[in-house]
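Structure first, commentary second.
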Amino acid sequence: MSPLSSYRNLFSLTGAIYVIVAFLARLPLAMSQIGALLLVSAVTGSYGAGGAAAGATAVVNAVVSPFAGALTDRVGQRRVLLVQSAVGAAGLIWLVLAAAAYTQGEPWWPLVLIAGASGAFLPQVGTMARVRWRPIARRSAGSEQRLVDAAFSYEGAADEASFVLGPALVGVVAAILNPSAALIAAGVLLAVFGLWFALHPTAAVVPRRDRLASTAPLPPVLFVLVFAQLTIGMIFGSVQAGASVLATEAGEPGLTGLLHALLGIGSVTAGLAVVAVPEAFRYENRLRLFTIALAVLSVPLLFVSSIGGLVPVLIVLGLAVAPSMITTFTLAERISPPSRLGAAMTFLAAATGLGYAVGSSAAGRLADWGGYTPAFAVTIVGASLAAIVAVAGACALRRAQGVPAGPVR
């Protein structure tokens, strides 16, 4: 089955409307952090307050998401996503109203608390969509595994695209109107498409734990993949921090979002192409290759000295990002009990968010000390750790898939 045929057959199982809804429903999560940053910074006059609000949104979401994922395994996706979408949308609007009522000089910590509260209810739509694809693929007369591979390739690319498009939408709306309008737009998108995604018939195809005989715990080897995702999150956070410093020093701070988007361009392209990788190329071997590529392709960041020099480096580095993420999520799907798949997927998504916070914070502190080059050094550390974890965990991942242990080729 060719890659194009794989995607055509995959989308025919759900219809184009579902694919569009699932993509738009994940945009609010991508918009909320930078939206909170811009809004709180604008009304308080403090970048520290804005950063705290954005960090609270990300960290609380990362902490709460695995619990929400585990709950979907028990009671089904629909009820959990309905609550998350409704309350999450209300939380974003609440932050806008609280910011509108804020007066300069007042304590800004209540805005941070509200941002964190809204983050607790923002659904991880991409992970929930991944959980749906295996039972959806079983309906096809074609190759189930090939369709699942295509689904995970698409979802990885869609996540990357959302985290490029989401901040871009916030920037455009904030520039044309104001930051409040950007967060209102995120809330409306969540209220409409988040609820639509929750109510879509595909939510009902995911089996709940109480309908299954197996209640096995998550396999310990899953945390190899969790740590790999955390290090990939470090790459995102440190690249954004380093690009911001470089653009600011070059007198073009407005280019920060565009520079970070370049990482997503290469990543989306490579992510869509992953489905063409032969099935004989085992997943643990793919993870080794892709993460080693991350480590190698991140090294040129140390030698960047201009915006023009950064552009090709980020595009090329992005070529290894989505394939690495797609492989970690695919491995998680293959080694986790079906009754715990929601929890497994949200653990990986949460690790990515926490890694982003760690990478951004570490790179920011180093940038204060020595500029963008030390910030980009955090990217190299994150990529190198990802490669080390993938190489060290390859045998365990092979065994977890039911393949006899032996030399990993």
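Residue numbering for the sequence shown follows my numbering, beginning at 849 and increasing consecutively. No residue lacks a Cβ here, since even glycine has one placed at the ideal position from N, Cα and C.
Integer Cβ distance of residue i from residue j, believed to fall under 8 Å
{"i": "TYR950", "j": "LEU961", "result": "Going by Cβ atoms, the distance from TYR950 to LEU961 rounds to 13 Å, so no, they are not a contact pair."}
{"i": "TRP956", "j": "SER894", "result": "7 Å"}
{"i": "ILE1080", "j": "MET1173", "result": "6 Å"}
{"i": "ALA963", "j": "ALA884", "result": "5 Å"}
{"i": "ALA873", "j": "PHE1011", "result": "In fact, because the Cβ distance is near 14 Å, the residues do not count as touching under 8 Å."}
{"i": "VAL944", "j": "ILE1032", "result": "6 Å"}
Neighbourhood of residue i by C-beta, 8 Å cutoff - its chain only, sequence neighbours within 5 removed
{"i": "ARG1136", "result": "ALA1235, ALA1238, VAL1239, ALA1242, VAL1256"}
{"i": "VAL1206", "result": "LEU1078, GLY1081, MET1082, GLY1085"}
{"i": "VAL869", "result": "PHE1041, TRP1044, PHE1045, HIS1048"}
Euclidean distance between Cα positions of residue i and residue j
{"i": "GLY896", "j": "ALA938", "result": "25 Å"}
{"i": "ILE984", "j": "THR1096", "result": "47 Å"}
{"i": "GLY1085", "j": "GLY1250", "result": "35 Å"}
{"i": "LEU1060", "j": "SER1187", "result": "Annotation note: pLDDT 48 at LEU1060 (below 50); position unreliable, coordinate value reported separately. If I take the Cα positions, the gap works out to 7 Å."}
{"i": "ARG978", "j": "ALA1039", "result": "21 Å"}
{"i": "PRO1148", "j": "TYR1220", "result": "13 Å"}
{"i": "ASN1026", "j": "ALA1118", "result": "34 Å"}
{"i": "GLU992", "j": "ALA1180", "result": "17 Å"}
{"i": "SER1062", "j": "VAL1054", "result": "Annotation note: pLDDT 46 at SER1062 (below 50); position unreliable, coordinate value reported separately. So the alpha carbons of these two residues sit roughly 15 Å apart."}
{"i": "THR862", "j": "PRO1065", "result": "31 Å"}
{"i": "ALA864", "j": "ARG987", "result": "17 Å"}
{"i": "VAL907", "j": "ALA1199", "result": "10 Å"}
{"i": "ARG1213", "j": "THR1104", "result": "18 Å"}
{"i": "GLN952", "j": "LEU1110", "result": "36 Å"}
{"i": "SER853", "j": "PRO1126", "result": "15 Å"}
{"i": "ALA904", "j": "TYR855", "result": "37 Å"}
{"i": "GLU1100", "j": "SER1209", "result": "22 Å"}
{"i": "ALA1124", "j": "TRP1217", "result": "44 Å"}
{"i": "ALA1034", "j": "PRO1185", "result": "34 Å"}
{"i": "VAL1074", "j": "ARG1130", "result": "19 Å"}
Sub-8 Å separation of residue i and residue j beta-carbons
{"i": "PRO914", "j": "PHE1195", "result": "yes"}
{"i": "THR1050", "j": "ARG980", "result": "yes"}
{"i": "ALA1052", "j": "LEU858", "result": "no"}
{"i": "VAL1226", "j": "LEU1162", "result": "no"}
{"i": "MET1082", "j": "GLY899", "result": "no"}
{"i": "LEU887", "j": "GLY1014", "result": "no"}
{"i": "ILE1155", "j": "LEU1233", "result": "no"}
{"i": "LEU1120", "j": "ALA1005", "result": "yes"}
{"i": "PRO1222", "j": "ALA1215", "result": "yes"}
{"i": "ARG926", "j": "LEU1047", "result": "yes"}
{"i": "LEU1245", "j": "VAL1122", "result": "no"}
{"i": "VAL973", "j": "ARG982", "result": "no"}
{"i": "LEU796", "j": "LEU877", "result": "Residue 796 lies beyond the residue range present for the chain, which begins at 849 and ends at 1257; the question has no answer from this structure."}
{"i": "GLY1201", "j": "ALA910", "result": "yes"}
Nonlocal neighbours in the same chain, by C-beta distance under 6 Å from residue i, ignoring five residues either side
{"i": "ALA1168", "result": "PHE1138, ALA1141, LEU1142, LEU1145"}
{"i": "SER1115", "result": "GLU1008, GLY1166, VAL1169, ALA1170"}
{"i": "VAL1018", "result": "MET879, ILE882, GLY883, ALA1030"}
{"i": "PHE1224", "result": "GLY1090, LEU1149"}
{"i": "ARG1182", "result": "GLN1249"}
{"i": "LEU1043", "result": "SER933"}
{"i": "ALA890", "result": "PRO1027"}
Proximal residues to residue i (C-beta, below 7 Å), its chain only, five neighbours per side dropped
{"i": "VAL928", "result": "ALA916, LEU919, THR920"}
{"i": "GLY1157", "result": "none"}
{"i": "VAL912", "result": "ALA968"}
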